[in-house]
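Heads up: the structure comes next, in structure tokens.
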Amino acid sequence: MNSVRRIFDGSRVGQKIVANIYTPLSPSKAAKQFTLILTHANGFHKELWEPTLERLFKSPHSSWTIAQAIALDGYNHGDSAIMNRNSIMDETESPWFLNARDILSVIEQVKAQIHVQNIIGIGHSWGASSLLLTEIMFPSTFRGLIITDPVLFQTSVKNSKLREMTLKRRCKWSSKEDARNYFEPHTFFKTWDKRILDLHIRYGLENIASKWMLKCRPINEAAVFAGAFEASPYATNNLSHVKCPTLFLTGELSLPSPPDYIKLITKDMSDCQHVVMDGKGHLLLHEDPDRTADCYLQFLHKLASKIPGSDANL
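Going by my numbering, the sequence shown opens with residue 409, and the numbers climb by one from there.
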């Protein structure tokens, strides 16, 4: 697949959102075309979508195609964090509503510049919850949603312990090889697909004064955890307002999204499908990107069958 980097305006004056726009090597003439908007989990970055996207682009269908996939870095993550560093250095709370508004800002800029059909939001964890917030606050933004192991609380509970643990996380190494030696045996990372870990080491770090540091600093990751307080319950309690076809893909072993809980909170959604990936936890996208992509493909194929002809545009 091809890839180009684009810089968009965020929803707040002066802030930027960096994105990678991926397109197939051989454009399809299929009448039904999807534009994907991809949003990552807290602490990570846009490039971790690449193995999943490779599989999506290599699985063409005669009746529909993925015209482009736009993967975003949250304003305080990845390359966006580098551009916005001066305004995020001391943040203590990052309300998830901000991420939702940034997503809408990017979509509006894309639609103003090029003709797009059938925008599908695909998100993981914080990114998934943010997509739900976008659709709840701005109905009909998406033709469909793929929500991968979201973080959806029913009540407003501040988890200060999680924030404190995050602030203590190591974020600096002498070299990328030093970083690899730290990540590979670590319990948190050792179940990841090798391609995902390689991408994290390649794109998740920046060189500062001859040291390699996480682009998403612990203070910013902790701020996102703190920002769940109001936004996550708001999304959970307003899921019935999401009317577009929606796939919830969650891990059998997920702590934030156990299968029975997702079944409970989505019961009033009008067009919702729930698929559980056995043997996987919250980071199923990082552990098995190919299987994740296959679940996405099944949903997209089903969604395409509901769209009449090529004139169902967003």
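No residue lacks a Cβ here, since even glycine has one placed at the ideal position from N, Cα and C.
Counting only unbroken stretches of 4 or more residues, the alpha helix (DSSP H) elements lying wholly within the stretch 551-587 are 568-575, in sequence order. Of all C-beta pairs linking the stretch 591-604 to the stretch 445-460, three or more are shorter than 8 Å, placing the two stretches in contact. By alpha-carbon distance to residue 563, the top candidate from 705, 709, 517 and 642 is 642. Secondary structure of residue 518 (DSSP, three-state): helix. Under the three-state reduction of DSSP, residue 412 is assigned to strand. Following the DSSP letters along the chain, one finds residue 525 in no beta strand (DSSP E), marked with neither H nor E. Bounds of any beta strand (DSSP E) do not take in residue 421, whose DSSP letter is neither H nor E.
Taking one beta carbon from each stretch, the stretch 575-593 and the stretch 543-553 have fewer than 3 pairs nearer than 8 Å; the two do not touch.
Between the alpha carbons of residue 680 and residue 494 lies a distance of about 41 Å. Residue environment: residue 491 is assigned as buried (16 or more neighbouring CB atoms within 10 Å of its CB, all protein chains considered).
Burial is judged here by how many other beta carbons sit within 10 angstroms of a residue's own beta carbon; residue 596 has fewer than 16 and is exposed. For residue 489, there is no enclosing beta strand (DSSP E); the enclosing alpha helix (DSSP H) covers residues 486-491. DSSP places residue 628 within a helical segment (H, G or I) once states are collapsed to three.
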